[in-house]
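Numbering (our numbering), first residue to last: 27 to 133.
Ideal Cβ positions, reconstructed from N, Cα and C, are used throughout, including at glycine.
Values in this document were obtained by computation on a predicted structure and should not be read as measured data.
First comes the structure, then the notes that go with it.
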Amino acid sequence: SRKVQSLELQLRAERAGREASASQLLAAEDGLGEHEAAWEAQKQILVGDADRLREELAECARERDEVRLRMEAVLERDEGGSSSGGDGTTTTPPSSGGAKMLLAEYM
Numbered sequence: 027s028r029k030v031q032s033l034e035l036q037l038r039a040e041r042a043g044r045e046a047s048a049s050q051l052l053a054a055e056d057g058l059g060e061h062e063a064a065w066e067a068q069k070q071i072l073v074g075d076a077d078r079l080r081e082e083l084a085e086c087a088r089e090r091d092e093v094r095l096r097m098e099a100v101l102e103r104d105e106g107g108s109s110s111g112g113d114g115t116t117t118t119p120p121s122s123g124g125a126k127m128l129l130a131e132y133m
């Protein structure tokens with residue numbers, strides 16, 4: 027009878043241990059699920075930021091190219107539109123030097 031009681035107590039202790047282990051595993055899995063959900067949310071934020079930055083970079087490159095083309099047109103006009111002074115010397119407009127410096131910044 028004592029042996030039976032002893033075995034019953036031992037079985038109860040083992041069962042309680044298994045249940046505790048199982049609940050710890052479930053809690054760990056829940057925590058892992060929450061961690062994965064948080065990671066996925068952070069990943070989506072980063073992907074969105076990367077897409078937005080890629081679009082902004084493309085827009086900036088487009089604007090830079092437009093400015094470069096306009097500056098080249100100004101330079102060509104300034105260089106092609108040189109005027110002759112009364113003494114036969116050729117003078118360029120004063121804006122030509124500034125335009126070249128601006129163009130150099132964009133190149």
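In angstroms, rounded to a whole number, what distance separates the CA positions of residue i and residue j?
i          : j          : result
residue 56 : residue 67 : 17 Å
residue 27 : residue 37 : 15 Å
residue 95 : residue 80 : 23 Å
residue 70 : residue 61 : 14 Å
residue 29 : residue 42 : 20 Å
residue 86 : residue 75 : 16 Å
residue 77 : residue 63 : 21 Å
residue 44 : residue 59 : 22 Å
Output the boundary residues of the alpha helix (DSSP H) element that contains residue i.
i          : result
residue 32 : 28-106
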